[in-house]
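Peer 1: One structure, pasted below without further comment.
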Amino acid sequence: MKVFKFGGASVNSADAVRNMAQIVQTHLEKEPLVVVVSAMGKTTNLLEKLVPTDSSLSTQHSSLWQQLEDYHLDIAKSLIPNDETIVNKIQSLLHQLDQTITALSHSATQSPNHSNYNYCYDQVVSFGELISTTIIAEYLNHLGINTLWQDAREIIKTDDHFREGRIDWKATEQEIKNLKLHLEEELNTLKNKDNPVKKIKNSCRVILTQGFIGGTHSPLSTTTLGREGSDYSAAILAYCLNAESVTIWKDVPGFLNADPKFFHDTVKISQIPYNEAIELAYYGASVIHPKTVKPIQNKGIPLYIRSFITPEAEGSSIGDYRTLVPETPLYIFKNNQILLSILPRDYSFIAEDNLQVIFGILSKIGIRVNLMQNSALSFSICIDNNPQLVKPLIEELKSMFRVRYNEDLQLITIRYYTQEVIDSIVANRPILLEQRSRTTEQLIVPCK
Ligand code: ASP
Ligand code: MG
Numbered sequence: 060m061k062v063f064k065f066g067g068a069s070v071n072s073a074d075a076v077r078n079m080a081q082i083v084q085t086h087l088e089k090e091p092l093v094v095v096v097s098a099m100g101k102t103t104n105l106l107e108k109l110v111p112t113d114s115s116l117s118t119q120h121s122s123l124w125q126q127l128e129d130y131h132l133d134i135a136k137s138l139i140p141n142d143e144t145i146v147n148k149i150q151s152l153l154h155q156l157d158q159t160i161t162a163l164s165h166s167a168t169q170s171p172n173h174s175n176y177n178y179c180y181d182q183v184v185s186f187g188e189l190i191s192t193t194i195i196a197e198y199l200n201h202l203g204i205n206t207l208w209q210d211a212r213e214i215i216k217t218d219d220h221f222r223e224g225r226i227d228w229k230a231t232e233q234e235i236k237n238l239k240l241h242l243e244e245e246l247n248t249l250k251n252k253d254n255p256v257k258k259i260k261n262s263c264r265v266i267l268t269q270g271f272i273g274g275t276h277s278p279l280s281t282t283t284l285g286r287e288g289s290d291y292s293a294a295i296l297a298y299c300l301n302a303e304s305v306t307i308w309k310d311v312p313g314f315l316n317a318d319p320k321f322f323h324d325t326v327k328i329s330q331i332p333y334n335e336a337i338e339l340a341y342y343g344a345s346v347i348h349p350k351t352v353k354p355i356q357n358k359g360i361p362l363y364i365r366s367f368i369t370p371e372a373e374g375s376s377i378g379d380y381r382t383l384v385p386e387t388p389l390y391i392f393k394n395n396q397i398l399l400s401i402l403p404r405d406y407s408f409i410a411e412d413n414l415q416v417i418f419g420i421l422s423k424i425g426i427r428v429n430l431m432q433n434s435a436l437s438f439s440i441c442i443d444n445n446p447q448l449v450k451p452l453i454e455e456l457k458s459m460f461r462v463r464y465n466e467d468l469q470l471i472t473i474r475y476y477t478q479e480v481i482d483s484i485v486a487n488r489p490i491l492l493e494q495r496s497r498t499t500e501q502l503i504v505p506c507k
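Using the numbering used here, the letters of the sequence shown map in sequence onto residues 60 to 507.
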């Protein structure tokens with residue numbers, strides 16, 4: 060079995076869905092193809108604004124709602140004109156979403172805390188994937204591709220860590236095995252019937268499911284796996300199915316040595332060793348979700364990154380390779396960084412017990428450190444400048460330490476650097492902090 064993943068950009072309009080369906084059609088084989096799909100376009104961002112935080116709906120609520128409804132209905136009507144079924148299915152999901160928001164806005168006032176917000180978030184935001192896959196399943200069936208819509212909440216089992224559901228691998232493997240058995244049985248019964256060729260052709264060719272979402276054990280609540288988590292969903296399915304490969308279809312020609320938003324002369328990397336891909340995702344390469352590679356590496360499943368714009372082109376592959384091909388410097392840029400220097404009030408050394416306190420606060424607030432360095436008198440951390448998290452962090456640190464900070468910074472990571480490459484990237488900007496290992500250079504500089 061093969062697993063395909065299509066992200067939001069690959070299904071952001073009716074034409075994009077037609078193109079995606081064409082790719083699916085080209086790759087149909089005897090065994091069902093497992094297709095994982097995200098919410099359409101920027102729907103997840105829109106749904107985030109509909110998550111209730113108190114009993115009154117936001118002032119933008121009705122215009123956002125209209126946008127959500129029109130966007131999906133327009134795509135559906137363009138794909139299958141004059142069809143009531145697809146419209147009714149979308150309306151029914153929108154009705155469920157509306158009821159969910161109303162019910163949650165009451166509970167939000169009763170327990171207005173962080174964990175309740177995370178719970179509400181998952182119940183609302185997950186509708187992006189539910190609606191997109193419903194539309195696409197209808198469309199593929201309309202094209203004559205026999206497609207089974209599978210609710211990911213029934214097979215991707217997680218704990219109740221809302222917004223960052225942690226996979227229950229044993230239960231998930233069991234659910235996916237059951238699904239596979241069920242499909243095989245269905246295929247066998249069809250094979251034994253009179254007209255084998257026609258029947259097999261009609262049996263399920265595509266299993267279509269949602270990326271990003273999962274479900275807790277009973278009572279079932281929806282969970283999400285973290286923003287951009289659909290790549291991870293594809294990897295989980297591939298792991299549990301012992302899939303032959305995973306293909307992520309993207310709007311770039313493959314794994315590039317830098318984000319084309321920041322860099323003009325990008326080079327496509329054809330082969331990337333698993334560990335290199337894990338390192339790059341860890342440093343912030345946005346091409347794949349950081350959790351994606353480990354499960355497939357454990358089973359030696361190759362991961363392909365290909366362009367949905369030029370689907371016949373080869374793309375990149377992540378696998379059991381020894382080196383990058385071609386060997387070239389790799390760049391990762393993270394903007395909007397803040398560098399905090401934390402100093403003990405009594406001018407004592409930054410000792411282990413101070414560090415323990417600092418990391419306790421970071422972990423409690425849920426902040427990931429992108430770079431850290433300590434000296435005798437201070438401890439510096441570079442983090443994403445998200446005011447909702449950084450403000451409480453500084454407040455809490457200030458009760459025990461002196462805190463200084465610099466904002467509007469860029470964190471640059473260069474793997475396989477040369478001094479020449481570093482100089483051209485830094486371009487005379489002052490370097491606030493620098494760290495170098497044999498393979499990796501990291502620098503913090505003001506944004507350009
Ligand atoms: N729709 C989700 C997001 O935008 C998941 C994904 O696209 O991978 O974060
Ligand atoms: Mg993505």
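From the three backbone atoms N, C-alpha and C, an ideal C-beta is built for every residue, glycine too.
For N444, which of helix, strand or coil comes out of DSSP?
Peer 2: Position 385 of the sequence shown holds residue 444. Coil.
Peer 1: Whose beta carbon lies closer than 6 Å to any heavy atom of ligand 1, going through the chain in order?
Peer 2: Residues flagged by the Cβ proximity filter: G66, G67, S97, A98, T103, G187, G270, F271, R286, E287, G288, S289.
Peer 1: Please report the residue range of the alpha helix (DSSP H) in which M79 lies.
Peer 2: Numbered from its first residue, the sequence shown carries residue 79 at position 20. 73-85 is the span of the alpha helix (DSSP H), which, as asked, contains M79.
Peer 1: Mind checking which residues open and close the alpha helix (DSSP H) that includes S305?
Peer 2: Position 246 of the sequence shown holds residue 305. Reading off the sequence, residue 305 comes out as Val, not Ser. Taken as a continuous stretch (DSSP letters only), V305 belongs to no alpha helix (DSSP H), being part of the beta strand (DSSP E) at 304-309.
Peer 1: Among Q150, V110, Y198, Q155, which has the Cα closest to the Cα of S166?
Peer 2: Taking the sequence shown and counting its residues from 1, the one referred to as residue 166 is at position 107. If we check each option's Cα against that of S166, V110 comes out closest.
Peer 1: Just to check my reading of the structure: S191 and S97 have Cβ atoms closer than 8 Å, yes? What is that Cβ distance to the nearest angstrom?
Peer 2: Counting from one through the sequence shown, the residue named residue 191 turns up at place 132. Counting from one through the sequence shown, the residue named residue 97 turns up at place 38. S191 to S97, Cβ: 7 Å. Contact.
Peer 1: What is the DSSP secondary structure of G270, reduced to helix, strand or coil?
Peer 2: The residue given as residue 270 occupies position 211 in the sequence shown. Coil.
Peer 1: Would you kindly work out how many angstroms separate the C-alpha atoms of N78 and L430, rounded to a whole number?
Peer 2: As a position in the sequence shown, residue 78 is number 19, starting the count at 1. As a position in the sequence shown, residue 430 is number 371, starting the count at 1. In a straight line, the C-alpha of N78 is about 41 Å away from that of L430.
Peer 1: Does DSSP put V346 in a helix, in a strand, or in coil?
Peer 2: Against the sequence shown, residue 346 aligns to sequence position 287. It is coil, neither helix nor strand.
Peer 1: Over what stretch of residues does the alpha helix (DSSP H) that includes Y198 continue unbroken?
Peer 2: Within the sequence shown, residue 198 is the residue found at index 139, counting from 1. 186-201 is the extent of the alpha helix (DSSP H) around Y198.
Peer 1: Along the chain, which unbroken stretches of the beta strand (DSSP E) at least 3 residues long are found entirely within the segment 385-452?
Peer 2: Complete beta strand (DSSP E) runs here, min 3: 389-403, 430-433, 438-443.
Peer 1: Let me make sure I understand the geometry here. Which of N395, S407, I442, Y406 has the alpha-carbon closest to that of F418?
Peer 2: Numbered from 1 along the sequence shown, position 359 holds the residue referred to as residue 418. Cα-wise, what sits closest to F418 is I442.
Peer 1: Looking only at its own chain, which residues have a Cβ that is under 7 Å from the Cβ of T281, when we skip the five neighbours before and after it?
Peer 2: Here residue 281 refers to the residue found at position 222 when the sequence shown is read from its first residue. Once the five neighbours on either side are set aside, the close Cβ partners of T281 are D181, Q182, S185, R212, I272, G274.
Peer 1: Can you have a look at L452 and say buried or exposed, based on whether 16 or more other CB atoms are within 10 angstroms of its CB?
Peer 2: Your numbering for residue 452 matches position 393 in the sequence shown. Under this definition L452 is a buried residue.
Peer 1: Could you name each continuous beta strand (DSSP E) segment of 3 residues or more that falls completely within the segment 83-162, going from the start of the chain to the end?
Peer 2: Runs found: 92-96.
Peer 1: Can you pull the DSSP bridge partners for R461?
Peer 2: For the purposes of this step, residue 461 is taken as the residue at position 402 of the sequence shown. According to DSSP, which records beta bridges pairwise, R461 is partnered with L402.
Peer 1: DSSP state of Y475, grouped into three classes?
Peer 2: For the purposes of this step, residue 475 is identified with residue 416 of the sequence shown, where counting begins at 1. Coil.
Peer 1: How big is the Cα-Cα spacing for K320 and L242?
Peer 2: As a position in the sequence shown, residue 320 is number 261, starting the count at 1. As a position in the sequence shown, residue 242 is number 183, starting the count at 1. Computed Cα separation, rounded: 43 Å.
Peer 1: Would the segment 224-240 and the segment 153-167 be scored as touching if the rule is three or more Cβ pairs under 8 Å?
Peer 2: No contact exists between the segment 224-240 and the segment 153-167.
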